[in-house]
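Participant: This structure is in structure tokens; I'll ask about it shortly.
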Amino acid sequence: MHRTHTCGELRLADLGKTVTLSGWVQKSRDLGGMTFIDVRDRYGITQLTFNTDDDESLRSQARELGREYVIKVTGTVIERSSKNNKIPTGEIEIKVTSLAILNESKLPPFTIEDETDGGDDIRMKYRYLDIRRNPVKNSLIFRHKVTQEVRNYLSALDFCEVETPYLIKSTPEGARDFIVPSRMSPGQFYALPQSPQTFKQLLMVGGLDKYFQIVKCFRDEDLRADRQPEFTQIDCEMSFVEQEDILTIFEGMTRHLLKTIHGIELDQFPRMTFDEAMRTYGNDKPDIRFGMKFGELNEVAQHKDFAVFNTAELVVGIAVPAAANYTRKQIDELVDWVKRPQVGASGMVYAKYEAEGAIKSSVDKFYDQEDLSQWAAITGAQVGDLILVLSGPANKTRAQLSALRMELGNRLGLRKSNEFAPLWVVDFPLLEWDEDSERFHAMHHPFTSPKLEDMALLDTDPGKVRANAYDLVLNGNEIGGGSIRIHDRDMQALMFKHLGFTPEQAQDQFGFLMNAFQFGAPPHGGLAFGLDRLTAILGGQETIRDFIAFPKNNSGRDVMIDAPATIEKAQLDELNISLLRTQQ
Ligand code: ASP
Numbered sequence: 003m004h005r006t007h008t009c010g011e012l013r014l015a016d017l018g019k020t021v022t023l024s025g026w027v028q029k030s031r032d033l034g035g036m037t038f039i040d041v042r043d044r045y046g047i048t049q050l051t052f053n054t055d056d057d058e059s060l061r062s063q064a065r066e067l068g069r070e071y072v073i074k075v076t077g078t079v080i081e082r083s084s085k086n087n088k089i090p091t092g093e094i095e096i097k098v099t100s101l102a103i104l105n106e107s108k109l110p111p112f113t114i115e116d117e118t119d120g121g122d123d124i125r126m127k128y129r130y131l132d133i134r135r136n137p138v139k140n141s142l143i144f145r146h147k148v149t150q151e152v153r154n155y156l157s158a159l160d161f162c163e164v165e166t167p168y169l170i171k172s173t174p175e176g177a178r179d180f181i182v183p184s185r186m187s188p189g190q191f192y193a194l195p196q197s198p199q200t201f202k203q204l205l206m207v208g209g210l211d212k213y214f215q216i217v218k219c220f221r222d223e224d225l226r227a228d229r230q231p232e233f234t235q236i237d238c239e240m241s242f243v244e245q246e247d248i249l250t251i252f253e254g255m256t257r258h259l260l261k262t263i264h265g266i267e268l269d270q271f272p273r274m275t276f277d278e279a280m281r282t283y284g285n286d287k288p289d290i291r292f293g294m295k296f297g298e299l300n301e302v303a304q305h306k307d308f309a310v311f312n313t314a315e316l317v318v319g320i321a322v323p324a325a326a327n328y329t330r331k332q333i334d335e336l337v338d339w340v341k342r343p344q345v346g347a348s349g350m351v352y353a354k355y356e357a358e359g360a361i362k363s364s365v366d367k368f369y370d371q372e373d374l375s376q377w378a379a380i381t382g383a384q385v386g387d388l389i390l391v392l393s394g395p396a397n398k399t400r401a402q403l404s405a406l407r408m409e410l411g412n413r414l415g416l417r418k419s420n421e422f423a424p425l426w427v428v429d430f431p432l433l434e435w436d437e438d439s440e441r442f443h444a445m446h447h448p449f450t451s452p453k454l455e456d457m458a459l460l461d462t463d464p465g466k467v468r469a470n471a472y473d474l475v476l477n478g479n480e481i482g483g484g485s486i487r488i489h490d491r492d493m494q495a496l497m498f499k500h501l502g503f504t505p506e507q508a509q510d511q512f513g514f515l516m517n518a519f520q521f522g523a524p525p526h527g528g529l530a531f532g533l534d535r536l537t538a539i540l541g542g543q544e545t546i547r548d549f550i551a552f553p554k555n556n557s558g559r560d561v562m563i564d565a566p567a568t569i570e571k572a573q574l575d576e577l578n579i580s581l582l583r584t585q586q
């Protein structure tokens, strides 16, 4: 038998028991007469002792153990003379009577401690060692708990977990597909799904009524920070529902997670339209844990001789709490910050609300106290606050001020990781103009239903049509999003037409779905949560990496197994890939 107990289990109540433990050597100390070994497994650490009464071969065996050796020991549980109250097993130790080395270990390339000396790259290369560390191990166990609670909640509501295929057909809409060559059909390719979207809709046509799946999705995009080319969604779909039904069920799921995981009970989640989110936070996923709402200043700033404002499409400001005493140097630093190419503002105006009737601005030449007090009223500034104002084209300026607001939120410690502020953003636009291709794209995806009352605008002002689409935002991150779908063949055909597909292209790429809609497709809708991000936020972390057992790095590489990699010529030949290359 390898063990009677785990290394995290024994307490004073077990004194006198003969036990067997197996695990890894965390560390060993040789103090003349005594040798101490800490043995570790997933559950904890237990101290082993060997002393001069023990037979010499046992002690010398103990002295030879290196870090991370795998051992099995048998001995008696005794009370420690110097107790360690930092660990649950700290009141006992094991007086060892037999020791076996189950496997030796090379010296690990970094320390297996909560705070390790290993940098990111080396930790990823030896991820199996990294997983032995508490922060990573606990994150994976935490993720398991989140997925288990998701399954509990949805299963109790009769959702049925169904697996959909990973080898599917490439579709041009959305991100770039990962492609898999087919050996049996030379010259033909599968694609890996960007999401199970069409399959879950077909499950609704199949009458399954309530579906979910915890599923890998694949998107071959240029990687942005903290994105993974393969990631996991909690993917859901329901039949005979309206938007309100979906919001209720999945607000319930989020509440269930916060309750079971953190013991937090939240009130009903607030809702905001996309337009309002853009106007008040410059962002469709606002972090509402803190204020600094946008105040639009066009009306009160465009009546003087300040050309910068007068020629701008939008003049907009925020009030930074208790920052009126910022020094010139601090303000200059903020101005430099918004002028960095990543943010791209051309300049910034400020006004310090030092006292009633004493607002000092960088544009005092143009604006008097009465003007500035209107700025204060509109941005919600109080005495002691600092008003920061950007101007320019509306969309760009909103994005810049949003970046500044988030930066200040971080710097001022307003984004507390143990505080949870969910928000539904609703009424997204159906279509989004794409400058590069000079045509409209579906903002969510082409299966999203427009709001019926906006249908007439499809021909006259397509950018104004709103969709039955919604996102769930948590602490400034989009953690879920979905829509009510089109379930009518003609409506779906019309949508493809508006997205620039010819009827042949639409039939070729999505004929399977439109055909299915002719066989009694029920009204349906759904959403998907990003499990990696949701777990990280619930775990109070900024990055998703430690919640993924084997993540890829920022260039999409798995540095442990060294993928992607070249393959043998014989494999290429079998896949007809070299053949294709010579034909082209
Ligand atoms: N399939 C969508 C996505 O991946 C989610 C949904 O509409 O349900 O974003």
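Counting in the numbering used here, the sequence shown runs from 3 upward without gaps. Glycine included, each C-beta is placed from N, C-alpha and C at the ideal position. Only a predicted model underlies this, so the values are computations on that prediction, with no experimental measurement involved.
#1: What's the gap between the Cα of residue 377 and the Cα of residue 300?
#2: Would residue 145 pass as a contact of residue 450 if the rule is Cβ separation under 8 Å?
#3: Do the region 75-84 and the region 19-29 meet, that is, are 3 or more Cβ pairs less than 8 Å apart?
#4: Since I believe residue 98 is in contact with residue 38 (beta carbons under 8 Å), could you give me their beta-carbon distance rounded to a whole number of angstroms?
#5: Could you tell me how far apart the beta carbons of residue 172 and residue 237 are, in whole angstroms, since I believe they sit closer than 8 Å?
#6: What separation, rounded to the nearest whole angstrom, lies between the Cα atoms of residue 380 and residue 443?
#7: Is the region 277-289 in contact with the region 473-485, if contact means three or more CB pairs nearer than 8 Å?
#8: Confirm, please, whether the CB-CB distance from residue 368 to residue 277 is below 8 Å.
#9: Would you kindly work out how many angstroms separate the C-alpha atoms of residue 12 and residue 3, rounded to a whole number?
#10: Figure out for me which residue from 293, 126, 217, 453 has the closest Cα to the Cα of residue 412.
#11: For residue 284 and residue 516, I'd like the C-alpha separation in whole angstroms.
#12: From this set, 373, 249, 326, which residue's C-alpha is nearest residue 473's C-alpha?
#13: Should residue 529 be counted as a contact of ligand 1 given a C-beta to heavy atom distance under 7 Å?
#14: When DSSP builds the beta bridges, which residues end up paired with residue 479?
#15: Leaving out five residues before and five after residue 45 in sequence, what residues of the same chain have Cβ atoms less than 8 Å from its Cβ?
#16: Identify whether residue 543 lies in helix, strand or coil by the three-state DSSP scheme.
#17: Is DSSP giving residue 443 helix, strand or coil here?
#18: Compare the Cα-Cα distances from residue 279 to each of 427, 85, 130, 343 and report the closest residue.
#19: Where DSSP assigns a beta bridge to residue 526, which residues make up the other side?
#20: So, for residue 228: in the same chain, excluding its five sequence neighbours on each side, which residues have a beta-carbon less than 7 Å away from its beta-carbon?
#21: When you compare each of 166, 105, 136, 102 to residue 113 by their alpha carbons, which one comes out closest?
#22: CB residue 151 to CB residue 262, shorter than 8 Å?
#23: Taking the alpha helix (DSSP H) that residue 116 belongs to, which residues open and close that run?
#24: Excluding sequence positions up to five away, which residues of its chain have a Cβ less than 6 Å from the Cβ of residue 325?
#25: Considering only the alpha carbon of each residue, which of 424, 419, 456, 409 lies closest to residue 432?
#26: Please work out which residues of its chain come closer than 6 Å, Cβ to Cβ, to residue 166, disregarding the five sequence neighbours upstream and downstream, and give them in chain order.
#27: Given residue 558, which residues of its chain have a CB within under 7 Å of its CB, disregarding the five upstream and five downstream residues?
#28: Below 6 Å CB to CB, which residues in the same chain sit around residue 345 once its five sequence neighbours on both sides are set aside?
#29: In this structure, how does DSSP classify residue 138 when only helix, strand and coil are distinguished?
#30: Would you identify the three-state DSSP class for residue 281, choosing helix, strand or coil?
#31: Count the other CB atoms, across all protein chains shown, that sit within 10 Å of the CB of residue 111; report buried if there are 16 or more and exposed otherwise.
#32: Would you kindly work out how many angstroms separate the C-alpha atoms of residue 555 and residue 496, rounded to a whole number?
#33: Which residue's Cα is closest to the Cα of residue 579: 327, 184, 434?
#34: Would you say the region 382-401 touches the region 322-338, given that touching needs at least three Cβ pairs under 8 Å?
#35: Check whether the Cβ of residue 235 lies closer than 7 Å to any heavy atom of ligand 1, and answer yes or no.
#36: Does the distance from the CB of residue 494 to the CB of residue 486 come in under 8 Å?
Facilitator: Let me lay it out:
#1: In the sequence shown, counting from the first residue as 1, residue 377 sits at position 375. In the sequence shown, counting from the first residue as 1, residue 300 sits at position 298. So the alpha carbons of these two residues sit roughly 10 Å apart.
#2: Sequence index remark: in the sequence shown, residue 145 carries index 143 (1-based). Sequence index remark: in the sequence shown, residue 450 carries index 448 (1-based). Result no, Cβ atoms of residue 145 and residue 450 do not sit closer than 8 Å.
#3: Judged by Cβ distances under 8 Å, the region 75-84 makes contact with the region 19-29, as three or more pairs qualify.
#4: Translated into positions along the sequence shown, residue 38 becomes position 36. Translated into positions along the sequence shown, residue 98 becomes position 96. That belief does not hold up - the Cβ atoms of residue 38 and residue 98 are roughly 10 Å apart, past 8 Å.
#5: On the sequence shown, position 170 is the one that residue 172 refers to. On the sequence shown, position 235 is the one that residue 237 refers to. That pair is no contact at about 19 Å.
#6: Residue numbering aside, residue 380 sits at position 378 when the sequence shown is read from its first letter. Residue numbering aside, residue 443 sits at position 441 when the sequence shown is read from its first letter. Rounded to the nearest whole angstrom, the C-alpha separation of residue 380 and residue 443 is 35 Å.
#7: Counting Cβ pairs under 8 Å, three or more are found: they touch.
#8: In the sequence shown, the residue the question calls residue 277 occupies position 275. In the sequence shown, the residue the question calls residue 368 occupies position 366. Residue 277 places its beta carbon 8 Å or farther from that of residue 368.
#9: By one-based count along the sequence shown, residue 12 stands at place 10. By one-based count along the sequence shown, residue 3 stands at place 1. Cα to Cα, residue 12 sits roughly 18 Å from residue 3.
#10: Your numbering for residue 412 matches position 410 in the sequence shown. For residue 412, the nearest C-alpha among the options comes from 293.
#11: Sequence index remark: in the sequence shown, residue 284 carries index 282 (1-based). Sequence index remark: in the sequence shown, residue 516 carries index 514 (1-based). Their Cα atoms are separated by approximately 37 Å.
#12: Within the sequence shown, numbered from 1, the residue matching residue 473 stands at position 471. Looking at the Cα atoms, 249 is the closest of the given residues.
#13: Position 527 of the sequence shown, counted from the first residue, corresponds to residue 529. Because some heavy atom of ligand 1 lies under 7 Å away, the Cβ of residue 529 counts as near it: yes.
#14: Taking the sequence shown and counting its residues from 1, one reaches residue 479 at position 477. DSSP, once it has assigned bridges, lists 476 as partnering residue 479.
#15: Position 43 of the sequence shown holds residue 45. Around residue 45: 8, 9, 10, 11.
#16: In the sequence shown, the residue the question calls residue 543 occupies position 541. In the displayed model, residue 543 falls within coil according to three-state DSSP, outside both helix and strand.
#17: Translated into positions along the sequence shown, residue 443 becomes position 441. The three-state reading of DSSP puts residue 443 in strand, counting E and B together.
#18: If you number the sequence shown from 1, residue 279 lands on position 277. Check the Cα spacing between residue 279 and each of 427, 85, 130, 343: the tightest is with 427.
#19: As a position in the sequence shown, residue 526 is number 524, starting the count at 1. Answer is 241.
#20: The residue you call residue 228 lines up with position 226 of the sequence shown. Result list for residue 228: 545, 546, in chain order.
#21: Indexing the sequence shown from 1 puts residue 113 at position 111. Shortest Cα-Cα distance from residue 113 to any of 166, 105, 136, 102 involves 136.
#22: As a working note, residue 151 is residue 149 in the sequence shown. As a working note, residue 262 is residue 260 in the sequence shown. Taking the C-beta atoms as reference points, residue 262 is found nearer than 8 Å to residue 151.
#23: Here residue 116 refers to the residue found at position 114 when the sequence shown is read from its first residue. Unbroken run through residue 116: none, as it is neither H nor E.
#24: Here residue 325 is taken as the residue at index 323 of the sequence shown, counted from 1. Result list for residue 325: 388, in chain order.
#25: Here residue 432 refers to the residue found at position 430 when the sequence shown is read from its first residue. The residue with the shortest Cα to Cα distance from residue 432 is 456.
#26: Walking along the sequence shown from the start, residue 166 turns up at place 164. Hits under 6 Å: 198, 201.
#27: As a position in the sequence shown, residue 558 is number 556, starting the count at 1. Counting only Cβ-Cβ distances below 7 Å, and skipping sequence neighbours, we find 225, 231.
#28: Walking along the sequence shown from the start, residue 345 turns up at place 343. Within the same chain, residue 345 has close Cβ partners 402, 405.
#29: If you number the sequence shown from 1, residue 138 lands on position 136. The answer is helix: DSSP assigns residue 138 an H, G or I state.
#30: Locating residue 281 in the sequence shown gives position 279, counting from the first residue. In this structure, residue 281 counts as helix in the three-state DSSP scheme.
#31: Position 109 of the sequence shown, counted from the start, is the residue given in the question as residue 111. With fewer than 16 other Cβ atoms within 10 Å, it is exposed.
#32: As a first step, residue 555 must be located in the sequence shown, where it is residue number 553. As a first step, residue 496 must be located in the sequence shown, where it is residue number 494. Between the alpha carbons of residue 555 and residue 496 lies a distance of about 41 Å.
#33: Here the question's residue 579 lines up with position 577 in the sequence shown. The shortest Cα separation from residue 579 among 327, 184, 434 belongs to 184.
#34: Touching, per the Cβ criterion.
#35: The residue given as residue 235 occupies position 233 in the sequence shown. Of the heavy atoms belonging to ligand 1, at least one sits nearer than 7 Å to the Cβ of residue 235.
#36: As a position in the sequence shown, residue 494 is number 492, starting the count at 1. As a position in the sequence shown, residue 486 is number 484, starting the count at 1. No.
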